[in-house]
Amino acid sequence: MVLAVAVVVPVAAGACSTPPPQASNAVPPPATAAPEAPIVWAALGGDETVTTGPAEEAATAWPQRVLSRLPATAQLVNVATPDASIRTGLTSQVPALEANGVRPTVATVWFGRDERGSTSQQRADLTALVERLRALGTTRIVLVAGPGPSATALAQDVAAATGAVALPVAGIGRDAMGPVAQAGIAEAVAPVLAP
Amino acid sequence: MPTVGARDEVPPVTWRHAVGLAARELRRRPTRSVLTVLAVALAAALLTALLTIARTAETKVLDELAKGGPLSGIKVAAARPDASQATRDDARPGAAAVLDQAAVDQIRTLPSVRQVVPVTAARATVVADAPKRGGTPLDAFVDTVVGVDITQVPTLPVTVLNGRLPAPGATDEVVVNESFLERFGYGRTEAAQLVGTTLSLGTTRPIRVGDGSADVTRWGRARIVGVVAQEAGEGQLLAPRELVDPAHRWTTAPGADRATGTAGGSAAARTPYSGLFVVADGIEDVGKVRAEISAVGYSTSAPENLIASVDRYLTVVEIVLTSVGLIALAVAALGIANATLAAVRERRREIGVLKAIGATDRDVRRMFLVECGALGLAGGVLGAAIGLATAMAVGSVVNRYLVEQGFEAVPVAVPVGILAGIVVGATVLAVIAGVLPAAKAARLPAHEAMGSP
Chain A
773 MVLAVAVVVP VAAGACSTPP PQASNAVPPP ATAAPEAPIV WAALGGDETV
823 TTGPAEEAAT AWPQRVLSRL PATAQLVNVA TPDASIRTGL TSQVPALEAN
873 GVRPTVATVW FGRDERGSTS QQRADLTALV ERLRALGTTR IVLVAGPGPS
923 ATALAQDVAA ATGAVALPVA GIGRDAMGPV AQAGIAEAVA PVLAP
Chain L
302 MPTVGARDEV PPVTWRHAVG LAARELRRRP TRSVLTVLAV ALAAALLTAL
352 LTIARTAETK VLDELAKGGP LSGIKVAAAR PDASQATRDD ARPGAAAVLD
402 QAAVDQIRTL PSVRQVVPVT AARATVVADA PKRGGTPLDA FVDTVVGVDI
452 TQVPTLPVTV LNGRLPAPGA TDEVVVNESF LERFGYGRTE AAQLVGTTLS
502 LGTTRPIRVG DGSADVTRWG RARIVGVVAQ EAGEGQLLAP RELVDPAHRW
552 TTAPGADRAT GTAGGSAAAR TPYSGLFVVA DGIEDVGKVR AEISAVGYST
602 SAPENLIASV DRYLTVVEIV LTSVGLIALA VAALGIANAT LAAVRERRRE
652 IGVLKAIGAT DRDVRRMFLV ECGALGLAGG VLGAAIGLAT AMAVGSVVNR
702 YLVEQGFEAV PVAVPVGILA GIVVGATVLA VIAGVLPAAK AARLPAHEAM
752 GSP
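Chains A and L, in that order, give the protein sequences. Going by the working numbering, the first residue of the first sequence is number 773, and it counts up by one from there. Going by the working numbering, the first residue of the second sequence is number 302, and it counts up by one from there.
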């Protein structure tokens, strides 16, 4: 059964947003605006985020849907792996970015389904993961929180502590990989990543 | 007033006089002149049309064999050569080999190598925004994206069938081939259905996860801007190297090996270039350059033997067609000879008068030869024009058919050399045809000519 997805997007507005720099009157703007640096989006996570599965799933996965709504020059480096936990992200997924010279401008992090350690350990690992992403130059980090209450709370705690954005998703249930749920997740994430 | 026998007082028959006399004579018998010119013109037109069409067909066939690239193009694979490859056109690659910058530089310095264009490739998962014919979504599929320096495309075996090429350096534009269209259920004539739509291209590599590994993917977006026929590399998509190189590096970079202990062990995985397109100085150098590249250690392929065979057949066809046209011209020349002989018979009195007032045999001969030459020149010019128009008309009909079938039209080039040759040839042939009648006229004694009825 495909559950209806009600995605709530109470983004912690202002948690990491900074006002754009004001142009100085003394320095006239250039005649033509310099091209914006392309978005490099790193997607870390577990099964819900993987896009290397069967052809049909690869085409309808939420990262794919979000990518199609970003500017054409945007790149997605999806290092999500099946059955991954926050620790997997810290020990495998972030190192994969580092080893390949990927410098994400934005990142999404969505774990929670396969966590095994204590909550404090998860908090410490997620905080370390966010700091490692910051060290790579990532300016906007979105912690997708949910669907369970503990995962939501963890994401919100770490977001508050690190300046990341917590993006709670609710109502996904156990069918997060179904096409309806994936479309709903994409609807929630795309506005947060779009420039 | 000159008197008969006072040769010194008679001005010689100049070229100007000869031309004037010939023109007057041609005007005096307009029907015969027009018919003679038309005979030459028809023969020249036939020859012009046949040679123009044959030459255009030859160019098209050879271009098709070379798939848009130069006839002296050689494809080099990132693989070891097979011992028998030098005598065969098709690739016989051995084991995978690393084709790196050092190898490119070495091949670039080989004798008779004019140009070396590196080609990269990346296997990518393709997710298309556009649905198949009928609106059904197309499942993601894996294919190869071939990367080339777009500014070098005129050198490469790439032909644009629809739309345009990606802009040089663009990281968000690709072109696709006909096989790609077929995935969507479209033919070549329906390419516009996909041009302008967008793809996601994902390249995958493994990373170490715990004791095992898992695939991760780097995705980018690209717009389809055209449809091409391309033989630069094996793949349904062609893009600037600026798009393909990062994807290629993602799948082969050794950095992840150190970090995660996975990927990139084999030569096929480590080669920075998947192939090269090497242009030899001339088609006669292709065999030699292939042998040199084999000695460096890479597999090659080139359609040199096929091109040579087809070129021989086309030469035979051209000889046959030329012969047909030449026979027609010879018949026209006989017509000129016959008409000139008739003119000599009819103008015996005039010849006698000319000789009586001091014209020499040479002057009389020149007069008739100029007349024949004028007929040949007029026929040649008219025939070349008619022949070219005929070739253009035939080309237009053929091109309409080709376009209806979804093929590229073949422009009929104006063969300036052929046109000039036919005009000159018709004139010379007409003069040759007039030699015998002119000699006969020149030999006529004045008294005999004057006494004729």
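All C-beta atoms in this analysis are idealised placements derived from N, C-alpha and C, irrespective of residue type, glycine included. Only a predicted model underlies this, so the values are computations on that prediction, with no experimental measurement involved.
| Asked | Found |
| --- | --- |
| DSSP beta-bridge partners for L:Glu-474? | L:Arg-524 |
| Thinking C-alpha only, which one of L:His-318, L:Trp-316, L:Ala-346 is nearest L:Gly-677? | L:Ala-346 |
| Starting from A:Asp-819, trace the beta strand (DSSP E) in both directions and tell me its first and last residue. | Element bounds for A:Asp-819: n/a, residue is neither H nor E. |
| Less than 7 angstroms between CB atoms is the rule here; does L:Ile-508 satisfy it with respect to chain A? | yes |
| Since L:Arg-424 sits in a beta bridge, which residues does DSSP pair it with? | L:Thr-445 |
| Quick one: what's got a C-beta closer than 6 angstroms to L:Thr-353's C-beta in the same chain, skipping five residues either side? | Ala-692, Pro-716 |
| Less than 8 angstroms between the CB atoms is what I'm expecting for L:Leu-500 and L:Ala-429, so what's the real figure, rounded? | 5 angstroms |
| Which of helix, strand or coil does DSSP assign to L:Asp-440? | coil |
| Once DSSP output is grouped into helix, strand and coil, what is the label at L:Lys-656? | helix |
| Do you know how far the Cα of L:Gly-534 is from the Cα of L:Ala-694? | 37 angstroms |
| Would the region 845 to 862 of chain A count as touching the region 507 to 523 of chain L if we require 3 or more Cβ pairs under 8 angstroms? | yes |
| Spatial neighbours of L:Thr-437 within its chain, please: C-beta separation below 6 angstroms, excluding the five flanking residues on both sides. | none |
| Taking Cβ-Cβ distances shorter than 8 angstroms, what residues in chain L pair up with A:Ala-844? | Asp-473, Thr-499, Arg-522, Ala-523, Arg-524 |
| Would you tell me roughly how many angstroms separate the C-alpha atoms of A:Val-899 and L:Leu-411, rounded to the nearest one? | For the sequence presented, residue 899 of chain A should be read as Thr rather than Val. Answer to the nearest angstrom: the Cα atoms are 57 angstroms apart. |
| Identify, in the order they occur along the chain, each residue of the same chain with its Cβ nearer than 6 angstroms to the Cβ of L:Ala-396, setting aside the five sequence neighbours on each side. | Arg-381 |
| Whole angstroms is fine: what's the gap from L:Ile-451's alpha carbon to L:Glu-474's? | 11 angstroms |
| So what's L:Lys-433 in DSSP terms, helix, strand or just coil? | coil |
| Quick one: does L:Ala-548 have its CB under 7 angstroms from some CB of chain A? | no |
| Leaving out five residues on either side along the sequence, give the residues of the same chain with a beta carbon under 6 angstroms from the beta carbon of L:Arg-308. | In this prediction, L:Arg-308 has a pLDDT of 48, which is less than 50 and means its spatial position is unreliable; what the coordinates show is noted afterwards. Cβ within range, chain order: Gly-659. |
| Return the residue from the list L:Glu-326, L:Thr-315, L:Asp-444, L:Leu-343 that minimises the CA-CA distance to L:Ala-631. | L:Leu-343 |
| Starting from A:Gln-893, follow the alpha helix (DSSP H) in both directions and report where the run begins and ends. | 891 to 907 |
| Hey, could you find the ends of the alpha helix (DSSP H) L:Phe-669 is sitting in? | 662 to 705 |
| For L:Ser-575, which three-state DSSP category applies? | coil |
| Considering only C-alpha positions, which residue in the set L:Leu-622, L:Val-621, L:Val-579, L:Val-617 is nearest to L:Pro-604? | L:Val-579 |
| Distance cutoff 7 angstroms, beta carbons only. Does A:Leu-905 sit that close to anything in chain L? | no |
| So, for L:Thr-445: in the same chain, excluding its five sequence neighbours on each side, which residues have a beta-carbon less than 8 angstroms away from its beta-carbon? | Ala-422, Ala-423, Arg-424, Ala-425, Gly-534, Glu-535, Gly-536, Gln-537, Leu-538 |
| Buried or exposed for L:Tyr-614, going by 16 or more other Cβ atoms inside 10 Å? | exposed |
| If contact means a Cβ-Cβ distance below 9 angstroms, which residues of the region 850 to 880 of chain A contact chain L? | Asn-850, Val-851, Ala-852, Thr-853, Pro-854, Asp-855, Ala-856, Thr-860, Thr-863, Ser-864, Gln-865, Pro-867, Ala-868, Glu-870, Ala-871, Asn-872, Gly-873, Val-874 |
| Less than 7 angstroms separating the beta-carbons of L:Leu-462 and L:Val-528? | yes |
| Does the beta carbon of L:Thr-601 come closer than 7 angstroms to any beta carbon on chain A? | no |
| So the beta strand (DSSP E) L:Asn-606 belongs to, where does it begin and stop? | Element bounds for L:Asn-606: not the beta strand (DSSP E) but the alpha helix (DSSP H), 605 to 647. |
| Please list the terminal residues of the continuous beta strand (DSSP E) segment that includes L:Leu-538. | 538 to 541 |
| Can the beta-carbon of L:Ala-640 be found closer than 7 angstroms to that of L:Leu-730? | no |
| Terminal residues of the continuous alpha helix (DSSP H) containing L:Arg-329? | 316 to 329 |
| Identify every residue that forms a DSSP beta bridge with L:Lys-589. | Per DSSP, none; premise fails for L:Lys-589. |
| Spell out whether any CB of chain A is found under 7 angstroms from the CB atom of L:Thr-553. | no |
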